[in-house]
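Asks: Residue numbers (our numbering), protein chains in the order written: chain A, 1 to 227; chain B, 1001 to 1093.
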Amino acid sequence: MAAQPSSIVDEPTNGASAAEVPAEIHPDVALVERAKAGDSAAFEVLIKQYERQIFRTALHITQNREDAEDITQDVFFKAYQKLDQFQGNSKFSTWLVRIAVNESLMRLRKRKTSKTVSMDQDVETSEGSIPRDFAEWRPNPEQNFSQTELAEILRKTIAGLPPGFRTVFTLRDIENLSTEETAEALGLSVPAVKSRLLRARLQLRERLSRYFRKAPEDSRDAMRQLK
Amino acid sequence: MNCTDFLAKLTDYFDGQMDPDLLADVKAHLGTCHHCEVVVDTTRKTIEVYRGSRMYECPEELAERMRAAVMKRCFETGRLPDIEIKAKKPAAR
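1) Select from the region 71-85 of chain A all residues with a C-beta closer than 8 Å to any C-beta belonging to chain B, and list them in chain order.
2) Compare the C-alpha of Q85 (chain A) against each of A:K48, A:A151, A:A35 and A:E142 and name the closest.
3) Taking the alpha helix (DSSP H) that G1031 (chain B) belongs to, which residues open and close that run?
4) Nearest CA to the CA of C1036 (chain B): which residue from A:F134, A:I99, A:K110 and A:Q143?
5) Identify the residues that DSSP records as bridge partners of W137 (chain A): which are they?
6) Out of A:R201, A:V97 and A:I61, point me to the one whose CA is closest to I130 (chain A)'s CA.
7) Do E149 (chain A) and K91 (chain A) count as a contact pair if the criterion is CB distance below 8 Å?
8) Below 8 Å, how does it come out for the region 139-148 of chain A and the region 57-68 of chain A: are there three or more Cβ pairs, yes or no?
9) I'd like the list of long-range same chain contacts for E175 (chain A), defined as Cβ closer than 8 Å, with 5 residues on each side in sequence excluded.
10) If you draw a straight line from the alpha carbon of N140 (chain A) to that of I158 (chain A), how long is it in whole angstroms?
11) Rounded to whole angstroms, what's the CA-CA distance from V32 (chain A) to R138 (chain A)? Just pull it up for me.
12) Per the contact definition of three or more C-beta pairs closer than 8 Å, is the region 71-81 of chain A in contact with the region 1060-1077 of chain B?
13) Please list the terminal residues of the continuous alpha helix (DSSP H) segment that includes L171 (chain A).
14) In three-state terms, what does DSSP make of S114 (chain A)?
15) As a quick exercise: from A:R199, A:R166 and A:Q49, pick the residue whose alpha carbon is nearest that of E1060 (chain B).
16) Establish whether the CB of L1010 (chain B) and some CB of chain A are separated by less than 8 Å.
17) Considering just the uninterrupted stretch of the alpha helix (DSSP H) at P27 (chain A), what are its terminal residues?
18) From K1072 (chain B) to A30 (chain A), what distance separates their C-alpha atoms?
19) Where F1075 (chain B) and L46 (chain A) are concerned, what is the direct C-alpha to C-alpha distance, given to the nearest angstrom?
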């Protein structure tokens, strides 16, 4: 079953009840209303608020800077075109992230024409679902690497995750969306998000352990392989 | 509670979404299982190191360029009347 969201109408999803919808009106709703009425400044404020989050999300999913730039522009333009479909049932930011995920996965599909890319890809594998590495890490292990080395380690490590896991981890743990918001943005159930998040976290942990574990020889070997 | 039970609850444990009885069971397990303790510590560190990283920053120059491109496309739809007014000003000089 395809779990990828196909609509960008912000209907309550995944079993979310009306009771879960915040009663207070978010300030973004007023900005959206002004933008709908043709107020460009209001729409520009919305872009400024979320452009970095959307860019990072697209970059995490596609792992390609040019694609992320294009996607960020497309997301805000599509949002502008579909503003009438935003009814305030979800946060405006969650609605944007949902569009960004769709656009990013579509871009991955175009890049990998022979493979299906969706939120479901590779999530049925058992790899990484059970911890195998029980080595302790050094205290503050990231301090053993330069900023550039660390960024490369983190980038290569997360790039190795299936897109479905990478996306859940990005939204939940890097962009700090709640589990419910992540589920809504991805068109998944809350249990599905929790399951994928667990496996994403465990797989990243196993892979980072090569660099961060206490035995320094191992981490140096890992760095040589990285280069 | 065994390691498999604990693992199944790991996401809720990190998210602080556990009732007190279950949390007590989890803490009791962690007190006796070094492997699970390591998994918790290193998984927490995994999250922290990604959350604290600046691997995908968006420089202001790039943000401004993307924003300008979006606003231009929005203007071209003709649905933003005040952008239209601003855009016409330079042409009138």
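The beta carbon of each residue, even a glycine, is placed where N, CA and C say it ideally should be.
Replies: In this structure, then:
1) T72, Q73, F76, F77, Y80 and Q81
2) A:A35
3) P1020 to T1032
4) A:F134
5) A:R213
6) A:R201
7) no
8) no
9) Q53, R56, T57 and V97
10) 19 Å
11) 48 Å
12) yes
13) It is not in any alpha helix (DSSP H) - L171 (chain A) carries neither H nor E in the DSSP assignment.
14) In this prediction, S114 (chain A) scores a pLDDT of 43, lower than 50, which makes its location untrustworthy; the coordinate-derived value is nonetheless stated afterwards. S114 (chain A) falls in the coil class under three-state DSSP.
15) A:Q49
16) yes
17) P27 to K36
18) 23 Å
19) 16 Å
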